[in-house]
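In this note's numbering, the protein residues as written are 1 to 71.
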């Protein structure tokens, strides 16, 4: 016996796409905030303090990217 189904398999509506876009935007803004905050805090440290942490000044942006993207 066949019956009609109202289930849309694999179809994403406009509301779902907009919600996903807003979620990705929120994640991106949070990552940017973490990156900027990490760069600001590490840049404020003296060279000696950075050396104690095992970080050189040239590594600050990489460390900040790793913090933001959790790599």
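Glycine residues also receive a C-beta, built at the ideal position from the N, C-alpha and C atoms.
Annotation: the continuous alpha helix (DSSP H) that includes residue 14 extends over 14-44. Annotated as proximal: residue 60 and residue 39, with beta-carbon spacing under 8 Å. Secondary structure note for residue 60: its alpha helix (DSSP H) is the uninterrupted segment 60-69.
If you check the CB distance, residue 57 and residue 50 come in under 8 Å.
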